[in-house]
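Enquirer: I'd like to ask you about the structure that follows.
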Amino acid sequence: MRDFFKCQECVDLLTDYLEGNLEADVKDRLDEHLSGCAPCINFVKTFEKSKDLTSRLREQQVNIPREVQERVKSFLKEEIVTLSSERLK
Amino acid sequence: MVVIMKVRELDQRQVVEGLKALDTGVIDDFVDQYSRPLFGVILNYTKNPSDAEEILQDTLLKIIKKIETFREESDIWPWMRRIAINNGIMWLRKHRAKQDRTTHLEDLLPKFSRDGEFDSPIYGWTVDPEEVYLNSELAGELYEAVQSLTYEYRVPLVLKDIEGYSIKQISSLLGLKEPTTKTRIHRARLFVRERLAKYFEGR
Chain F
242 MRDFFKCQEC VDLLTDYLEG NLEADVKDRL DEHLSGCAPC INFVKTFEKS
292 KDLTSRLREQ QVNIPREVQE RVKSFLKEEI VTLSSERLK
Chain A
-12 MVVIMKVREL DQRQVVEGLK ALDTGVIDDF VDQYSRPLFG VILNYTKNPS
38 DAEEILQDTL LKIIKKIETF REESDIWPWM RRIAINNGIM WLRKHRAKQD
88 RTTHLEDLLP KFSRDGEFDS PIYGWTVDPE EVYLNSELAG ELYEAVQSLT
138 YEYRVPLVLK DIEGYSIKQI SSLLGLKEPT TKTRIHRARL FVRERLAKYF
188 EGR
């Protein structure tokens, strides 16, 4: 059996760990390290939290300037004229 | 600034029928309703507002042209969102060379001592679960953190954690090998965590 994992190795493996992609023996060693390392426990929790918070950005959106919307509308109007005349052909 | 999504006025049927008929009145309302959320999706792929505007125009035009292929029993928003994402990625693949290269990722990755332990203390966070929903400081901080990543890291992270794509899908969309995609997502997550840690510790 190799040495216990260091914090740095745990951090490197976190994405695979949380997504269940680690081999059983690697996961066991990581769990073993985590069971006794307070900084790593905080790190894992905050890493997961950060990932959850990031996924919430899906529900949010930015403002769009009024003039952008207006330019988009006139662009589409021109395109619609072309599309309509193509349909009539 | 990040704000909550507004309620749409046109229902799906009106949108689909209006776009099919090339009804300019409906198309104006459609732009009012959907250009804002679509612009938000697109800004994840380019941070330049005039490029984003170009991609938005192209996305809306594609939606109108492709509306005949939309299956009406499904929800139209994910379908439009996908068109915006694909357009954003196509744009990136074309313009990759002139993209931003400003983040020094290493500066914000966790630091370790020579024996592999954390260099500085790691604190827990207290997050009010509702806090990030609103137009809050935290939501703004988070948005800025993601936006400050260079596209190589930002796009895989956005596709994974915001859009919910698989590693395999992301790799094929971006033309990357799967281990590369995974590494970039991992490092991007570490970066965002570190930025948020600074925010939580500072308040």
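Line order of the protein sequences matches chains F and A. The first sequence runs 242 to 330 under the working numbering. The second sequence runs -12 to 190 under the working numbering. Ideal Cβ positions, reconstructed from N, Cα and C, are used throughout, including at glycine. A quick note: this is a predicted structure, and the numbers were derived from the prediction, not measured.
1) Compare the C-beta of Ala184(A) with all C-beta atoms of chain F and state if any pair is closer than 8 angstroms.
2) Could you work out which residues of chain C lie near Glu320(F), taking near to mean beta carbons separated by less than 7 angstroms?
3) Strictly below 9 angstroms CB to CB, what residues from chain F border Ser135(A)?
4) Do Lys292(F) and Arg80(A) count as a contact pair if the criterion is CB distance below 8 angstroms?
5) Using CA atoms only, rank isn't needed, just tell me which of Met67(A), Ser123(A), Leu163(A), Leu129(A) is closest to Gln20(A).
6) Using three-state DSSP, classify Val18(A) as helix, strand or coil.
7) What whole-angstrom Cβ distance do Cys248(F) and Phe26(A) have, given they're in contact under 8 angstroms?
8) Along the chain, which unbroken stretches of the alpha helix (DSSP H) at least 4 residues long are found entirely within the stretch 151 to 188 of chain A?
9) If the criterion is Cβ atoms closer than 8 angstroms, does the pair Ile70(A) and Ile50(A) meet it?
10) List, in chain order, every chain A residue whose beta-carbon is nearer than 8 angstroms to that of Glu250(F).
11) Any Cβ of chain F within less than 8 angstroms of the Cβ of Val179(A)?
12) Could you please give me the residues that DSSP links to Phe105(A) through a beta bridge?
13) Just to make sure I have the definition right: I need the residues of chain F whose C-beta is within less than 7 angstroms of the C-beta of Arg69(A). Which are they?
14) Where in the stretch 57 to 85 of chain A do unbroken runs of the alpha helix (DSSP H), each at least 4 residues long, occur, reported from the N-terminal end onward?
15) Check whether the Cβ of Thr323(F) lies closer than 8 angstroms to any Cβ atom in chain A.
16) Nearest chain A C-beta to Met242(F) closer than 8 angstroms, yes or no?
17) How should Val322(F) be labelled, buried or exposed, when 16 other C-beta atoms within 10 angstroms of its C-beta is the threshold for buried?
18) So, for Lys(-7)(A): in the same chain, excluding its five sequence neighbours on each side, which residues have a beta-carbon less than 6 angstroms away from its beta-carbon?
19) Looking only at its chain, what residues have a beta carbon closer than 7 angstroms to the beta carbon of Glu59(A), apart from the 5 residues adjacent to it on each side?
20) Please list, in chain order, the residues of the stretch 2 to 16 of chain A that have any C-beta partner in chain F closer than 8 angstroms.
21) What is the DSSP secondary structure of Glu264(F), counted as helix, strand or coil?
22) Any beta carbon of chain A sitting closer than 8 angstroms to that of Leu275(F)?
23) Is Cys281(F) helix, strand or coil when you go by DSSP?
24) Apply the 10 Å Cβ neighbour rule to Arg101(A) and answer buried if 16 or more other Cβ atoms are within range, or exposed otherwise.
25) Suppose contacts are defined by Cβ-Cβ distances below 8 angstroms. Is Ser296(F) in contact with Ile149(A) by that definition?
26) List, in order along the chain, the chain F residues whose C-beta lies closer than 7 angstroms to that of Ser22(A)?
Expert: Taking the coordinates as given:
1) yes
2) Annotation note: the requested chain C is absent from the structure, which comprises protein chains F and A.
3) Under the 9 angstroms cutoff, chain F gives no residues; its nearest Cβ is about 13 angstroms from Ser135(A).
4) The beta carbons of Arg80(A) and Lys292(F) sit no closer together than 8 angstroms.
5) Met67(A)
6) In this structure, DSSP gives Val18(A) a helical state, which the three-state scheme calls helix.
7) The Cβ separation is near 41 angstroms, so there is no contact.
8) 154 to 161
9) yes
10) Gly103
11) yes
12) Phe99(A)
13) Ordered by position in chain F, no residue passes the 7 angstroms Cβ test against Arg69(A), which lies about 13 angstroms from the chain.
14) 63 to 82
15) no
16) Bear in mind that the predicted position of Met242(F) carries a pLDDT of just 46, short of 50, making it unreliable; the figure below should be weighed with that in mind. Cβ-Cβ to chain A under 8 angstroms: no for Met242(F).
17) By the 10 Å Cβ count, Val322(F) comes out exposed.
18) No answer about Lys(-7)(A) holds up, because its pLDDT of 49 lies below 50 and its placement is not dependable.
19) Val3
20) Leu9, Thr11, Ile14, Asp15
21) Residue state for Glu264(F) is assigned as coil, using DSSP reduced to three classes.
22) no
23) helix
24) Residue burial annotation: Arg101(A) is exposed, with fewer than 16 other C-beta atoms found within 10 angstroms of its C-beta.
25) yes
26) Those are Ile305, Gln310, Val313, listed as they occur along chain F.
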